[in-house]
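Peer 1: Residue numbers (the working numbering), protein chains in the order written: chain A, 10 to 339; chain B, 28 to 217; chain C, 12 to 383.
This structure is in structure tokens; I'll ask about it shortly.
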Amino acid sequence: MHVDPEIIRLLAFLIGVIAFAALNAAYLVWLERKEAAHIQRRIGPKEVGPFGLLQPLVDGIKLMTKQLIVPAGVDPVLFKIAPILVMVPAIMSFVTIPFSDTLVARNLDIGLLAIFAFASVNVLGLLLGAWGSRNKYAVISAARVVSQNVAYEIPMLITVVTLVMISGTMNLSKIVGLQMGGFWNWNILNLSASPLMPIAFLIFFVCMLAETNRAPFDMAEAESELVAGTFTEYSGMGFGVFFMGEYANIVIGASVATILFLGGWDCPFGLFPGVHWFLLKMYFLIFTVIWIRWTYPRTTFYGLLNLSWKILIPISFVNLILTSAMLKVF
Amino acid sequence: MNCAAIKQKLSAIGAAAVNETEYGRKGFALDVQVAPEQLVAAVSVLDAEGFFIEAVTGVDWLGEQAALRKEAEAKVAAEAKAKAEAAAAAGEEAPVAEPVAEQGELPEDALEAVYDFNHYESLCRVTIRTRVPRSKPEVPTISQIYPGADWHERETHDFFGIKFVGHPYLVPLLLPEDADYHPLLKDFRP
Amino acid sequence: MSAFAESEAKETFVLNLGPQHPATHGVLRVKLTMDGEYIAEAEPVLGYIHRMHEKMGENRTWAQFLPNTGRMDYLHALAYNHGYVSVVERAAGIEVPERAEYLRVITAELNRVSSHLLWFGAFILDLGGFSPLLYAFDDREHILDLLESVTGSRLTYCYFRFGGVYNDIDDNFVPGTRAFIKRLRERMPMYHNLVTKNIILMKRLQEVGPISAEMCRKYGATGPVCRGSGINFDVRKHEPYSVYPEFDFDVPVYDQCDSMARYMVRMDEIEQSLRIIEQALDKLPEGPVMAEKVPKILKPAKGDYYHAVETARGSFGVRVVSDGTNTPYRLKLRSPTFSNLSLFGEASQGMLLPDALALMGSLDLVIPEIDR
Chain A
10 MHVDPEIIRL
20 LAFLIGVIAF
30 AALNAAYLVW
40 LERKEAAHIQ
50 RRIGPKEVGP
60 FGLLQPLVDG
70 IKLMTKQLIV
80 PAGVDPVLFK
90 IAPILVMVPA
100 IMSFVTIPFS
110 DTLVARNLDI
120 GLLAIFAFAS
130 VNVLGLLLGA
140 WGSRNKYAVI
150 SAARVVSQNV
160 AYEIPMLITV
170 VTLVMISGTM
180 NLSKIVGLQM
190 GGFWNWNILN
200 LSASPLMPIA
210 FLIFFVCMLA
220 ETNRAPFDMA
230 EAESELVAGT
240 FTEYSGMGFG
250 VFFMGEYANI
260 VIGASVATIL
270 FLGGWDCPFG
280 LFPGVHWFLL
290 KMYFLIFTVI
300 WIRWTYPRTT
310 FYGLLNLSWK
320 ILIPISFVNL
330 ILTSAMLKVF
Chain B
28 MNCAAIKQKL
38 SAIGAAAVNE
48 TEYGRKGFAL
58 DVQVAPEQLV
68 AAVSVLDAEG
78 FFIEAVTGVD
88 WLGEQAALRK
98 EAEAKVAAEA
108 KAKAEAAAAA
118 GEEAPVAEPV
128 AEQGELPEDA
138 LEAVYDFNHY
148 ESLCRVTIRT
158 RVPRSKPEVP
168 TISQIYPGAD
178 WHERETHDFF
188 GIKFVGHPYL
198 VPLLLPEDAD
208 YHPLLKDFRP
Chain C
12 MSAFAESEAK
22 ETFVLNLGPQ
32 HPATHGVLRV
42 KLTMDGEYIA
52 EAEPVLGYIH
62 RMHEKMGENR
72 TWAQFLPNTG
82 RMDYLHALAY
92 NHGYVSVVER
102 AAGIEVPERA
112 EYLRVITAEL
122 NRVSSHLLWF
132 GAFILDLGGF
142 SPLLYAFDDR
152 EHILDLLESV
162 TGSRLTYCYF
172 RFGGVYNDID
182 DNFVPGTRAF
192 IKRLRERMPM
202 YHNLVTKNII
212 LMKRLQEVGP
222 ISAEMCRKYG
232 ATGPVCRGSG
242 INFDVRKHEP
252 YSVYPEFDFD
262 VPVYDQCDSM
272 ARYMVRMDEI
282 EQSLRIIEQA
292 LDKLPEGPVM
302 AEKVPKILKP
312 AKGDYYHAVE
322 TARGSFGVRV
332 VSDGTNTPYR
342 LKLRSPTFSN
352 LSLFGEASQG
362 MLLPDALALM
372 GSLDLVIPEI
382 DR
């Protein structure tokens, strides 16, 4: 019997991508708890397995065995569809991410566009979940999340457009390919294209924090103000899926930052490029994201919008204009 | 600003009694007794002098009148006894004990509203008291002068049932919203 | 703020903040009428942990009420102890030995530091910063250990007695306390570097939640709330009690009137408390810790008496009315947070929800003390 190897490849990647997303979500929770514990001079999970490594498994079982309460008065369709709307696009985004020059499920020419298209569905899921659960805290949180995402998508996309101008392609593999050969070739240090490139990376990173609703921009959850924000009415695995979606989005964000600015799978010294370098850079970024969360207090909502509209957007525009001018001149 | 000046001003509005107390023994400097009608005027004087409100509370004087009469009767009896003994000692015939005069009905016991004021700069705690009959405990509110009195008056209404006339929102504060009892009254039985 | 003032509030909704809400630290409920995220009206609803301590006081002897005092402001229980024993001592004319007064001041000030540390952690937690809480609890734990060795309990202390304290300190207390003072002095710069100078924190607290001095006066606000509004009022200086006049300490006053000012007042007060403790340890006299002639059955003279003390949250006053029997005729407890919270409704008008919660956190609420 002849089976098209492409189908086997796709199946393998499908399983691989879902497993990668799920395992990441589970073990990022572990990482977050361990890291938070050490920042706070505690030990963190240690009972289940060595270093508490089996804790995510136990947590998962706990979440799955819990009753999924659908409160009276909610819109059942929206309420149930919302977690899926957050989780599925995040997994879909993994399809186009090149972990190394060969390890990519589908190398699309518009890979970058596809990721941002999928990422914008995330906010829709949060909005529908909040609206569907008919909780005032959730609705306030949804209003915040939507305007926050609108505000931060602009500087993020402007920064990305700058990079696309430099690279001349939206194919993620090719973007990385252009940065090969050592850290001085990476976009973050591509000062000949624009002297503002390190700042552009910073803007991208801040926007990524805001887009994934991470502290100090965690307006969606903001537990000391809005109880649990969008997730207030969710229980059991409904909440769990939201949670996994959030972590999957962080992985996506860190991956895109790695690809666009940090040279993807390239070794900083030009030796042995490969998937390990990609993962190392990505997890370093995720580590930083978690580090920030346990260090800073939460900003206020208007402070967050001010930051975007008054600081990040002007700077990213300056960067865009500067880059186009330099591309034209040189 | 000193306590003597405040004392004069409070006396000027016609407070029933303005007593200077010994701070070290009592913990407050001026003890002012006013009629309910003069309360707002007295509090206005303190407000103009820059006092801040510390607390409003009540005291239930149930049984006070009976106790006072009993005390008075005991005093009369003691006097009569002393007289009789003195007479006996002198070898005279004991005078016929005068029958205790019938004293009519007891006057009604009072509920007392107590207001504490203090000053941020100088040490002068002023206690204003006003007494109202237990059957009709109505005191004018001072929440228009001191918005902070709002909660204190609501609390006092909870505990004693003193009605603060003119209070904008006299609903239970600490007790359940449907509470119709006043636990600090001395005849309160749960 | 101006956006709210200009637009007419047409569509509002009611948001129930509490009684089970992470920011209300207990069972406070605030009924908020919201215009979007702006607060049109805020009405605190109290009484969820009301236990009628005042009635309890009328039904037990003077001494039997003592344990109740530690259960109102459970974070600064020793100051409540202090207020109550002081008023009864004033009523009954009991003289307290000097060593006992020193021990009272030392333990009460340690307790004040622990209360401020807990507030510090919980306040930053309100603002979304998680880690300082654990650091503050780490320091607080040392105080609890010290106090446990003296008082026998870790939270709801009942250490003071009429005429003194019930137990003398052990040998480890003085060196332990000195070590703790040294430790905390080393840690305070860290707190300031990590938290106070944080740009997000400064943006969230500066010029947020203004409470004017006049508002403090009208609502009877005391403690750090009024000292953050430029009013130099501290009961320890204003009507000195115990042996406080013998110590050299400052009253931190900030006149910015915002949440940051109240934050700074408390942070500075930690240092001042440490100064008091240090001096008290230096001067600690020898002698008995309990007055000798305290009657077993206390019957203070008729009349009413007032005594105020400075707790971590402000001026706590006790008014007792004695009818000359062995139980109080009337016992009024004037709790500082009750007055401090009463201005929340006016102060929070037109504020954004997160700012209002920062304001509420800066008031340092302890709900059992409000509800009594």
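Note that CB positions come from ideal geometry on N, CA and C, so glycine has one too.
All values reported here derive from a predicted model rather than from experimental measurement.
1. Excluding the 5 residues preceding and the 5 following G249 of chain A in the sequence, name in chain order all residues of the same chain whose CB lies nearer than 6 Å to its CB.
2. For E280 of chain C, does the count of other Cβ atoms within 10 angstroms reach 16, so buried, or fall short, so exposed?
3. Short check: CB of D269 of chain C to CB of T309 of chain A, under 8 Å?
4. Anything in chain A within Cβ reach of D137 of chain C, meaning under 8 Å, just list it in chain order.
5. Keeping to the same chain, check which residues put their C-beta closer than 7 Å to that of A224 of chain A; ignore five residues upstream and five downstream.
6. Per the DSSP calculation, D46 of chain C is bridged to which residue(s)?
7. At a Cβ threshold of 8 Å, is W303 of chain A touching chain C?
8. By the 8 Å beta-carbon criterion, what residues does the region 210-234 of chain C contribute toward chain A?
9. What whole-angstrom Cβ distance do G312 of chain A and K214 of chain C have, given they're in contact under 8 Å?
10. Below 8 Å between beta carbons: does that hold for K310 of chain C and N337 of chain C?
11. Please state if the CB of V173 of chain A and the CB of L211 of chain A are separated by a distance shorter than 8 Å.
12. Nearest chain C C-beta to T221 of chain A closer than 8 Å, yes or no?
13. Could you please give the first and the last residue of the uninterrupted beta strand (DSSP E) stretch that includes E81 of chain B?
14. If we ignore side chains and look at the alpha-carbon of each, how far apart do F76 of chain C and F55 of chain B end up?
15. Sorted by chain position, which residues of the same chain lie with C-beta nearer than 6 Å to V45 of chain B's C-beta, five sequence neighbours on each side aside?
16. Ends of the beta strand (DSSP E) at Y255 of chain C?
17. Between P33 of chain C and Y91 of chain C, what straight-line distance do the alpha-carbon atoms span, to the nearest angstrom?
18. Quick one: grab the DSSP three-state call for A14 of chain C.
19. Would you mind giving the Cβ-Cβ distance between F221 of chain A and V154 of chain A, rounded to the nearest angstrom? I have them listed as a contact below 8 Å.
20. How close, in whole Å, do the beta carbons of L89 of chain C and Y168 of chain C come, if the pair is a contact with beta carbons under 8 Å?
21. Output yes or no for whether 8 Å exceeds the beta carbon distance between G85 of chain B and E132 of chain B.
22. Is the CB of L376 of chain C under 8 Å away from at least one CB in chain A?
23. Applying a beta-carbon distance threshold of less than 7 Å, which residues of chain C neighbour T168 of chain B?
24. Looking only at its chain, what residues have a beta carbon closer than 6 Å to the beta carbon of K290 of chain A, apart from the 5 residues adjacent to it on each side?
25. Compare the beta carbon distance of G245 of chain A and A99 of chain A with 8 Å and say whether it is the shorter of the two.
26. Tell me which residues of the region 32-54 of chain C have at least one Cβ-Cβ distance to chain A shorter than 7 Å, keeping chain order.
27. Please list the residues of the region 146-159 of chain B that have a C-beta atom closer than 7 Å to any C-beta atom in chain C, keeping them in chain order.
28. Does the CB of D149 of chain C have a neighbour CB from chain A at under 8 Å?
29. On the DSSP bridge list, what partners appear for H318 of chain C?
30. To the nearest angstrom, how far is it from the Cα of I27 of chain A to the Cα of V148 of chain A?
31. Roughly how many angstroms lie between the CA atoms of L354 of chain C and G175 of chain B, to the nearest whole one?
32. Can you give me the C-alpha to C-alpha distance between R383 of chain C and V97 of chain A, rounded to a whole angstrom?
33. Between F15 of chain C and S223 of chain C, what straight-line distance do the alpha-carbon atoms span, to the nearest angstrom?
34. Could you work out which residues of chain A lie near P365 of chain C, taking near to mean beta carbons separated by less than 7 Å?
35. In angstroms with no decimal places, state the Cα-to-Cα distance between R247 of chain C and E321 of chain C.
36. Which term fits D227 of chain A, buried or exposed, when burial requires 16 or more other beta carbons within 10 angstroms of its beta carbon?
Peer 2: Reading from the atomic positions:
1. L72
2. It is buried - the Cβ of E280 of chain C has at least 16 other Cβ atoms within 10 Å.
3. no
4. S233
5. I301, R302, Y305, R307
6. By DSSP's assignment, D46 of chain C forms a beta bridge with C:Y49.
7. It does; some Cβ of chain C falls within 8 Å.
8. I211, L212, K214, R215
9. 6 Å
10. yes
11. no
12. no
13. 78-87
14. 23 Å
15. The answer, listed in chain order, is K34, L37, S38, V59.
16. Note, Y255 of chain C: premise wrong, no beta strand (DSSP E); not H, not E.
17. 26 Å
18. Confidence at A14 of chain C is low in this model, with a pLDDT of 47, below 50, so the placement of that residue should be treated as unreliable; the coordinate-derived value is given next. Here A14 of chain C sits in helix by DSSP.
19. The residue asked about is misnamed: residue 221 of chain A is Thr in this sequence, not Phe. The Cβ separation is near 11 Å, so there is no contact.
20. 5 Å
21. For G85 of chain B and E132 of chain B, no; Cβs fall outside 8 Å.
22. no
23. Neighbours of T168 of chain B on chain C: none; closest Cβ ~14 Å, over 7 Å.
24. T267, L271
25. no
26. H32, P33, A34, E48
27. Y147, L150, R152
28. yes
29. C:V329
30. 30 Å
31. 7 Å
32. Distance between the alpha carbons of R383 of chain C and V97 of chain A: 52 Å.
33. Unreliable positioning characterises F15 of chain C in this predicted model, as indicated by a pLDDT of 48, which lies under 50. The coordinate reading is nonetheless provided below. Cα to Cα, the separation comes out at about 21 Å.
34. Counting only Cβ-Cβ distances below 7 Å, P365 of chain C has contacts in chain A at E234, T309, F310, in chain order.
35. When rounded, the distance between both Cα atoms is 6 Å.
36. buried
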